[in-house]
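Asks: Residue numbers (our numbering), protein chains in the order written: chain C, 1 to 66; chain G, 1001 to 1140. For each residue, glycine too, the CB sits at the ideal point set by N, CA and C. If you're wondering where the values come from, they're calculated on a predicted model, not measured in any experiment.
1) Thinking C-alpha only, which one of G:1072, G:1018, G:1051 and G:1016 is nearest residue 35 (chain C)?
2) Restricting to runs no shorter than 4 residues, where is the alpha helix (DSSP H) found entirely within the segment 4-52 of chain C?
3) Got a sec: is the Cβ-Cβ distance from residue 1069 (chain G) to anything in chain C below 7 Å?
4) Residue 1114 (chain G) and residue 1097 (chain G) - do their beta-carbons sit closer together than 7 Å?
5) Using 10 angstroms around the beta-carbon of residue 1029 (chain G), count the other beta-carbons present and answer buried if the total reaches 16, otherwise exposed.
6) Give the straight-line distance between the Cα atoms of residue 38 (chain C) and residue 1016 (chain G), rounded to the nearest whole angstrom.
7) Determine whether the beta carbon atoms of residue 1083 (chain G) and residue 1118 (chain G) lie at a separation below 7 Å.
8) Excluding the 5 residues preceding and the 5 following residue 1099 (chain G) in the sequence, name in chain order all residues of the same chain whose CB lies nearer than 8 Å to its CB.
9) Taking DSSP as the reference, what is the three-state secondary structure of residue 1064 (chain G)?
10) Less than 8 Å between the CB atoms is what I'm expecting for residue 1079 (chain G) and residue 1129 (chain G), so what's the real figure, rounded?
11) Can you round the beta-carbon distance between residue 1006 (chain G) and residue 1062 (chain G) to whole angstroms, since I take them to be within the 8 Å contact cut?
12) Pull the bridge partners of residue 1103 (chain G) from the DSSP assignment, please.
13) Thinking residue 1051 (chain G) and residue 1020 (chain G) are a contact (beta carbons under 8 Å), I'd like their distance in whole angstroms, please.
14) Enumerate in chain order the residues of its own chain whose CB-to-CB distance from residue 5 (chain C) is below 8 Å, with the five nearest sequence positions on each side excluded.
15) Does the separation of the CB atoms of residue 1011 (chain G) and residue 1116 (chain G) fall below 7 Å?
16) When you compare the CB positions of residue 1069 (chain G) and residue 29 (chain C), do they come within less than 7 Å of one another, or not?
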């Protein structure tokens, strides 16, 4: 079964953004961002879209199945 | 005013709930092991209720509860599901024991211990599910 992977860490590093800053921008706890980056949690569509909007990319670019 | 308030994490909140719920049960069990009559059980419950009120006052005065994001809700839902299964198992077992083994097994003590135990278990499970992320404090 394919797993949901993310490039969240790469995009965050590209935008020189800390986990806490991103968490504040999308209205979640920093722990949620940590788990998302580690692939331990699948985000809701709203959260995925909010994060994609912050980085100016599509959800598919940020989250993908592997 | 709100800016001066410290953040109170959900893990800490559930740690408090766990303590509040488990202390009366622990005292009851310890007294039962010692073989002493469990006389003043109401005062323990009232004591914990006073603690809850005092804690709620200080929390609302000096702290703001962390925002309840979707991962908190997800972890709470997992904890609720397991707690519900545990409570149903305990209740069905208790009915069986009460009917076939020990008459009068289901009494007032059994009821409040089950309720307090369920509350404690729910908070314990939430802390367990939330712990790996809470421990990871390293900012990247």
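Replies: On the basis of the supplied data:
1) G:1072
2) 8-14, 19-26 and 30-37
3) Yes, contact with chain C.
4) Judged by their CB atoms, residue 1097 (chain G) and residue 1114 (chain G) are not nearer to each other than the 7 Å cut-off.
5) exposed
6) 29 Å
7) yes
8) none
9) Strand, per DSSP.
10) Yes, they are in contact, since the Cβ atoms of residue 1079 (chain G) and residue 1129 (chain G) sit about 6 Å apart, within 8 Å.
11) 7 Å
12) Residue 1103 (chain G) is not bridged to any residue.
13) Residue 1051 (chain G) to residue 1020 (chain G), Cβ: 6 Å. Contact.
14) 39, 63, 64, 65 and 66
15) no
16) yes
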